[in-house]
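Working notes for the structure below.
2 protein chains.
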Amino acid sequence: MNAFLDGCRAVVGPAHVLTSPGDLIAYVTDHRRRHIGAALAVVRPGNTEEVAAIVRLCQQHRVPIVPQGGNTGLVLGSVPDTSGNALVLSLTRLNRIRGIDTVNDTLIAEAGCILKNVQDAAADAGRLFPLSLASEGSCTIGGNLSSNAGGTAVLRYGNARELCLGLEVVTAEGEIWDGLRGLRKDNTGYDLRDLFIGAEGTLGIISAAVLKIYPRPRAQLTALAAVRNPAAALALLASAREHCGDTLTGFELMSEICLQLVQKHFPELHSPFSQRHPHYVLLELSDQESEQHASQLLETVIGNALEAGLIEDAVVATSMAQSAQLWKLREHISAAQAAEGKNIKHDIAVPISRIGDFIDTTDRLLAEAFPGCRLVTFGHLGDGNLHYNVSAPEGMPDDLFLARQAAVNRVVHDSVHRYDGSISAEHGLGALKREEILRYKSPVELRLQHAIKNALDPLNLMNPGKLI
Amino acid sequence: MNAFLDGCRAVVGPAHVLTSPGDLIAYVTDHRRRHIGAALAVVRPGNTEEVAAIVRLCQQHRVPIVPQGGNTGLVLGSVPDTSGNALVLSLTRLNRIRGIDTVNDTLIAEAGCILKNVQDAAADAGRLFPLSLASEGSCTIGGNLSSNAGGTAVLRYGNARELCLGLEVVTAEGEIWDGLRGLRKDNTGYDLRDLFIGAEGTLGIISAAVLKIYPRPRAQLTALAAVRNPAAALALLASAREHCGDTLTGFELMSEICLQLVQKHFPELHSPFSQRHPHYVLLELSDQESEQHASQLLETVIGNALEAGLIEDAVVATSMAQSAQLWKLREHISAAQAAEGKNIKHDIAVPISRIGDFIDTTDRLLAEAFPGCRLVTFGHLGDGNLHYNVSAPEGMPDDLFLARQAAVNRVVHDSVHRYDGSISAEHGLGALKREEILRYKSPVELRLQHAIKNALDPLNLMNPGKLI
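So the protein lines, in turn, are chains A and B. Numbered according to the UniProt record's numbering, the first sequence spans residues 1 to 468. Numbered according to the UniProt record's numbering, the second sequence spans residues 1 to 468.
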């Protein structure tokens, strides 16, 4: 292995080959701090050619590669296993915005660019890059694409996949595929772009991407509506889509317990309602015309919904500042749940039309099997995607609760499957759900997946043990 | 081969195995009537299981398969070669709408559904299926997906790819992959859906799809603007996007010669302008609020553009009927050009920011190389996609002109390549551009494409000689 590491040093310089345990720990520990792996080394190439050279060295020496961006994933997709055989290939030095074209409305970013920096680069050019998610201050665009990240603006703008026109990829053979096309239409062969997107680094390494940018909305306004149940929330969604079309850019559901936890752990954040309600919906409009137009539209939607009895109460933000306050309630749910103790997360999606039934049924099944468990349900209702998280009954110690994780997962995932849903809507499979998914995919689909993996990474060196 | 055909008859019934030359001719002749192939037979299965059984028979007897829908393609993708070895597998009997869900906003259509029927099914449910293109009265949704069709609403809604959430596919091994998911988010493995979309039937046969449907706009209004040059059209595009956001659903360019040909061959269609102008732009707004709101928005965009000197003149439709009249000018260009004589079509895309330079440069190169040739340039400027068609100099016989096809293609496609464009934006490669594309793709990309083909269709029986 010394020859291999010397080879790496020759490519990237000795300063960018890390081997001491103190240097490695941040790279081998996962974001939720539930897994600590081991690595031969961490290598930090400075450009695409160096990535390719490192991959060729790994091929030659049969060293498994774990590509890593901001290491903010939730499914153990970007950390090595405990064998210590693998190299962590950190993309964070590939952090240049290579260019921005405000006529084509595209931006070329290297894989290691932090999402927030991509958003800022677009904003500086008077444009919007709409991908937005909790870890945007530290996650990287390469990881976002490799895991096909979702977030809060999917309703209007789609997942990371829909925001990407072209890729540069280092293949498993250490070649560079220049697919950095800035085209809205290109039907000249198989869709390699979408194959690498969402592949979690198991087919090759995304080193740069052409991203779509959009005109910046003139106004973004938000309302918080209290509803009796998810069915009422769905009726509100249909009505809002009917009236607002694509102006509706966010539609988030939160159960009452979410708001309770936020208020408990972040007392400076207040519910705007005097009474409690079973569920809440956060709606966001992004308007191309004016704040006045957005405000009128929002008033109309909320007014109609109150009149039709779809909602029990509502507050409509009349300024961007008030909108931001309402978003804070939504954004602090994960932190509040973490402060309350360990929890079991589920990132699920079902067809939107079945989401009410899914919640009712699964809530009941869990209450029967795990009396007292608390259902911290929130998420992107407009996309059919819920973070259907389960917290321990009050007073139960963390370890006792986590011992039931597999059983809890089984109840939830089996239910998702019965509702034709997905057990990973936006987080990917990683190492965490790689076994779990085998229960739910057909043999035909698994065979197709393996055929692709074998075709593009026959030595199984690209992020082995993840996704497939 | 008798045993094979008997096997086919046993699967689909003797009435659906066609072998007589009179029965075959429509299936082996391409849409533009420039190619007549030959086939062992045409088989018309009635459901997905029958498709799978026929594919298994083909595997067993090593018979190449040419899947076919409405046979309206322009690149020889759905017709057999002249060897007579292949089976044409017609999907037209798989023509059921399996279901429609107006809460999830999805529709499940079988591959053989005619596009117009899918649009109508959505409309009957109060929804919009936005894919729209010239052959919508006879093309099928399976073909639309297999060729990733574009059309006139891509600016807002994307290509066929973006309108599909899930697929049912018969694999090259004759298995059925049930990927008919109606989910907006699902990150559980490689993106098989997007691999089969645009694969032109070379990896498997799409038998059904989950399609996205949308709220129907309350109003669609159109304006026709006269501009000096493509650069002015681009400035108008930027301004319209800035003001209208996603309300802008169409942005089509036409050169003066297009309008002249339409008026010559369809004298009932009049230009709304008293003077001639070098280029015209057709803008369409689709508004979720009201006809009045759309009308105001359109007046503002056109008013601003006149004031800024971006456009020379404009007519704004004040009713749906007037809008339809303006669209007719655009829709009759292809027919007018065909009536004028044979022409050489190019379905190209370049980055939007480079389209003005591309047109100027390529017009000049063609004028130098082929004096007198007429450039019938029109298309989806908002997507960077032009039908950059070349008609013969006036008076030149068709065959003399078509003898120069390869040389004309070379000039145009080399220019496209220099502008980082695509030689097939929305029509696919088929047999027509399969050799041509080899000039422009990198060896790395071609190797990746072949690896996928070999992995999923190792016997090369799925639409051989097309795309790859």
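We treat Cβ as the ideally placed atom computed from N, Cα and C, and that holds for glycine. Here the structure is a predicted model, which is why all the values come from computation and not from measurement.
My assumption, with CB atoms under 8 Å, is that Thr82/A sits in contact with His31/A. Please give the rounded CB distance. The pair is not a contact, with the Cβ atoms about 17 Å apart (cut-off 8 Å).
Pairwise C-alpha distance: Lys185/A and Pro351/B: 10 Å
Buried or exposed for Gly372/A, going by 16 or more other Cβ atoms inside 10 Å? exposed
Tell me the rounded alpha-carbon separation between Gly245/A and Leu400/B. 52 Å
Between the stretch 108-116 of chain A and the stretch 130-138 of chain A, can you find at least three pairs of beta-carbon atoms closer than 8 Å? yes
Any idea which residues DSSP pairs Gly99/B with across the strands? Ile108/B
I'd like to know whether the C-beta atoms of Leu163/A and Lys212/A end up nearer to each other than 7 Å. yes
Beta-carbon separation of Leu94/B and Leu40/B under 7 Å? no
Cut-off 6 Å between Cβ atoms - residues of its own chain near Asp105/A, not counting five sequence neighbours on either side: Ile213
Per DSSP, Ile176/A forms a beta bridge with which residues? Val170/A
Given this structure, state the Cα-to-Cα distance separating Gly158/A from Ala38/B, to the nearest angstrom. 44 Å
Of all the options Leu432/A, Asp360/A, Gln405/A, which has the alpha carbon lying nearest to the alpha carbon of Ser415/A? Asp360/A
Leu131/B versus Pro14/A: straight-line alpha-carbon distance, rounded: 55 Å
CB-CB under 7 Å to Pro80/B, same chain, minus the five flanking residues each way: which ones, in chain order? Val28, Gly37, Ala38, Ala39, Val66, Ala86, Val88
For Trp36/B, does the three-state DSSP call read helix, strand or coil? Note on residue identity: the sequence assigns Ile, not Trp, to residue 36/B. DSSP places Ile36/B in strand when its eight states are reduced to three.
Give a single yes or no on whether Gly179/B has its beta carbon closer than 6 Å to a heavy atom of the ligand FAD. By its list of ligands, the structure shown contains no ligand whatsoever, and the ligand FAD lies outside what it can speak to.
Say whether chain A places a C-beta atom closer than 7 Å to the C-beta of Asp360/B. no
Candidates Arg216/A, Gly174/A, Arg56/A, Ser147/A: closest to Arg127/A by CA position: Arg216/A
What did DSSP end up calling Cys113/B once you bin it into helix, strand or coil? coil
Drop a sphere of 10 angstroms on the beta-carbon of His380/A, count the other beta-carbons inside from all chains shown, and report buried for 16 or more, exposed for fewer. buried
Uninterrupted alpha helix (DSSP H) stretches inside the stretch 183-216 of chain A (no shorter than 4 residues): 192-196
Taking all protein chains shown into account, do 16 or more other C-beta atoms lie within 10 angstroms of the C-beta of Arg241/B, making it buried, or fewer, making it exposed? buried
Of all the options Ala305/B, Gly204/B, Ser290/B, Arg404/B, which has the alpha carbon lying nearest to the alpha carbon of Glu445/A? Gly204/B
Within 10 angstroms of its Cβ, does Gly395/A collect 16 or more other Cβ (buried), or is it exposed? exposed
Opening and closing residue of the alpha helix (DSSP H) in which Ser146/A lies: 141-146
By Cβ distance below 6 Å, which residues in the same chain neighbour Pro413/B in space, the five residues on each side in sequence not counted? It is His, not Pro, that sits at residue 413/B in the sequence shown. Cβ within range, chain order: Ile423.
Do Val315/A and Pro267/A count as a contact pair if the criterion is CB distance below 7 Å? no
Stretch-stretch touch, CB-based, cutoff 8 Å, three pairs: the stretch 338-352 of chain A with the stretch 300-317 of chain A: no
Could you tell me the alpha carbon to alpha carbon distance between Leu18/B and Val210/B, rounded to whole angstroms? 30 Å
For the candidate residues Thr202/B, Leu283/B, Ala199/B, whose alpha-carbon lies nearest to that of Leu236/B? Leu283/B
Can you tell me where the beta strand (DSSP E) holding Met462/A begins and where it ends? That residue, Met462/A, is in no beta strand (DSSP E); it is neither H nor E in DSSP.
Compute the distance between the beta-carbons of Ala226/A and His277/A, then report whether it is under 7 Å. yes
Given a threshold of 16 other Cβ atoms within 10 Å of its Cβ, counted over all protein chains shown, does Glu435/B qualify as buried or as exposed? exposed
Cα-Cα separation, Leu62/A to Gly166/A: Sequence inspection shows Arg at residue 62/A; the Leu mentioned does not correspond to that position. One C-alpha to the other measures close to 29 Å.
Compute the Euclidean distance between the alpha carbons of Val170/B and Gly182/B, then round it to the nearest angstrom. 19 Å
Contiguous alpha helix (DSSP H) assignments of at least 4 residues, all confined to the stretch 40-75 of chain B: 48-61
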